[in-house]
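Enquirer: Handing you this structure, nothing more for now.
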Amino acid sequence: MEDTHELLEKMEKARKERLAEHKQHLSSEEYQNALNLLSVVTSDFIKGMKACSMYCSRGAEFRDNSLSLNHIDDYFMSAIMIMMMLKEGGINPAKREIRYLIDSSMRYLYVDQQLWRGRIEEKLMYFDKKVDKSNIKYINDIDLHMIKSPDLKSEFSSEYKSTYYKACEYVHASTKQIEERFSLYEQGITIGLDRAEQLQEVAELLSEVYSSLLVFTFHAAGVSTVGDLMVDTLSPQDSWVYNGNKYLAEIDRHFDYKHERQEFLAEIEETRVYRAWPNKALQRTSR
Numbered sequence: 001m002e003d004t005h006e007l008l009e010k011m012e013k014a015r016k017e018r019l020a021e022h023k024q025h026l027s028s029e030e031y032q033n034a035l036n037l038l039s040v041v042t043s044d045f046i047k048g049m050k051a052c053s054m055y056c057s058r059g060a061e062f063r064d065n066s067l068s069l070n071h072i073d074d075y076f077m078s079a080i081m082i083m084m085m086l087k088e089g090g091i092n093p094a095k096r097e098i099r100y101l102i103d104s105s106m107r108y109l110y111v112d113q114q115l116w117r118g119r120i121e122e123k124l125m126y127f128d129k130k131v132d133k134s135n136i137k138y139i140n141d142i143d144l145h146m147i148k149s150p151d152l153k154s155e156f157s158s159e160y161k162s163t164y165y166k167a168c169e170y171v172h173a174s175t176k177q178i179e180e181r182f183s184l185y186e187q188g189i190t191i192g193l194d195r196a197e198q199l200q201e202v203a204e205l206l207s208e209v210y211s212s213l214l215v216f217t218f219h220a221a222g223v224s225t226v227g228d229l230m231v232d233t234l235s236p237q238d239s240w241v242y243n244g245n246k247y248l249a250e251i252d253r254h255f256d257y258k259h260e261r262q263e264f265l266a267e268i269e270e271t272r273v274y275r276a277w278p279n280k281a282l283q284r285t286s287r
């Protein structure tokens, strides 16, 4: 029978072997592609939000009385922290933060739309007294007026609910979370030894969550502001990955009536088709 010293030596040797293997995995093309996807969806989300914030500064009073627009900096901080956690192997903590983002952003827009011209104090009171924090039913009452297609609106709501429930599985103790952890342990994957496919999965989830946040925030900013934002700044940027999201492309399409677009409508629509995400994995950005 092995003595304690020999057992500890074996465990330490096995640990070093796992770390060496994981270090090699971190350099693999598969892992680097997933890391690149994470970087792209995060940096472009921040870029879109920053641009929106800048355009909203032209109407400071309206911005200061909006729950949604007042939380843009909060979204920045969460996005940066999520990326840091994922790079360090903290996948489940990152998913918990993702749930906060997708939950709060929807409720803020709901309150903004219920009291569109209300003061921030009124909105805070409404949020505190009138909004059920345990129910996402308000997604059905949000007015996505810049998405004209009824089918797309319905699809957005369905995808929002699906994404929300995915993230909820990691906020409280759940059978899925426990079984997933046991399965990873059986594969020798412990904390900090995450695999490329895990990172890829979360990066794809983030692309959906950040798209939803952009849709919510743009609707909070209003048609006039977002029209200038899309036509003058975001839509012309072929490298801005969220131009390929179907909901944000539909928001951009809302402004095709503008005079400066009339000569180029066919070309603009062709560009939208080219940019469209091939699937939820955003394969175009992870190659």
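Just so we're aligned: 118 in the UniProt record's numbering is position 118 of the sequence shown, and the numbers increase by one with no gaps anywhere. Backbone N, C-alpha and C define an ideal beta-carbon position, used for all residues, glycine too. No experiment lies behind these values; they were computed from the predicted model shown.
1) With DSSP run on the structure shown, which of helix, strand or coil describes Tyr274?
2) For the candidate residues Lys161, Lys258 and Asp3, whose alpha-carbon lies nearest to that of Lys137?
3) Report the option in Gln198, Glu169 and Arg96 whose CA atom is closest to the CA atom of Asn33.
4) Excluding sequence positions up to five away, which residues of its chain have a Cβ less than 8 Å from the Cβ of Gln237?
5) Please tell me whether Leu205 and Ile139 are closer than 8 Å, where the distance is taken between their beta carbons.
6) By how many angstroms is the C-alpha of Tyr75 removed from the C-alpha of Ser235?
7) Anyone know if the C-beta pair for Ser105 and Leu38 falls short of 8 Å?
8) Taking 8 Å as the threshold (C-beta atoms), are Ala94 and Val209 in contact?
9) With three or more C-beta pairs closer than 8 Å as the rule, is the region 104-118 touching the region 65-72?
10) Are the CB atoms of Gln113 and Asp143 nearer to each other than 8 Å?
11) Just mark His5 as buried or exposed, buried being the case when its beta carbon has 16 or more other beta carbons within 10 Å.
12) What did DSSP end up calling Met236 once you bin it into helix, strand or coil?
13) Assign Glu29 to buried or exposed, taking buried as 16 or more other Cβ atoms, counted over all protein chains shown, within 10 Å of its Cβ.
14) Below 8 Å on the Cβ atoms is my contact criterion, and I expect Cys52 with Ala221 to pass it. Report the Cβ-Cβ distance as a whole number of Å.
15) Kindly indicate the opening and closing residues of the alpha helix (DSSP H) around Ser57.
16) Suppose contacts are defined by Cβ-Cβ distances below 8 Å. Is Phe218 in contact with Val231 by that definition?
17) At the level of alpha carbons, what is the spacing between Met72 and Lys50?
18) Please report how far the alpha carbon of Glu269 lies from the alpha carbon of Arg275, in whole angstroms.
19) Between the alpha carbons of Glu122 and Asp128, how many angstroms are there, rounded?
20) At the level of alpha carbons, what is the spacing between Leu8 and Arg195?
21) Under 8 Å between the Cβ atoms of Met146 and Val223?
22) State yes or no: is the C-beta of Tyr55 within less than 8 Å of the C-beta of Asp228?
23) Kindly indicate which three-state DSSP category Tyr151 falls into: helix, strand or coil?
24) Kindly indicate which three-state DSSP category Met106 falls into: helix, strand or coil?
25) If I measure Cβ to Cβ from Trp277 and keep anything under 6 Å in the same chain, skipping five residues before and after, which residues do I get?
26) Does at least one heavy atom of the ligand ADP sit under 7 Å from the Cβ of Gln114?
27) Cβ of Tyr247 within 8 Å of Cβ of Leu109?
28) Compare the beta carbon distance of Val215 and Ile251 with 8 Å and say whether it is the shorter of the two.
Expert: With the given structure in hand:
1) helix
2) Lys161
3) Between Asn33 and the set Gln198, Glu169 and Arg96, the nearest pair of CA atoms involves Gln198.
4) If we look at Gln237 and ignore the five residues flanking it on each side, its Cβ neighbours are Asn243.
5) no
6) 22 Å
7) no
8) No, the Cβ-Cβ distance between Val209 and Ala94 is not below 8 Å.
9) With the cut-off at 8 Å, the region 65-72 and the region 104-118 touch.
10) yes
11) exposed
12) With the sequence shown as reference, residue 236 is identified as Pro, and Met is not the correct amino acid for it. DSSP places Pro236 in coil when its eight states are reduced to three.
13) exposed
14) 6 Å
15) No alpha helix (DSSP H) contains Ser57, which DSSP labels as neither H nor E.
16) no
17) It is worth fixing the name first, because residue 72 is Ile in this sequence and not Met. Distance between the alpha carbons of Ile72 and Lys50 is about 8 Å.
18) 10 Å
19) Taking the straight line from one Cα to the other gives about 10 Å.
20) 26 Å
21) yes
22) yes
23) Note on identity: in this sequence residue 151 is Asp, with Tyr being the wrong assignment. It is helical.
24) helix
25) Gly244
26) This structure lacks the ligand ADP, and indeed carries no ligand of any kind.
27) no
28) Closer than 8 Å, so yes.
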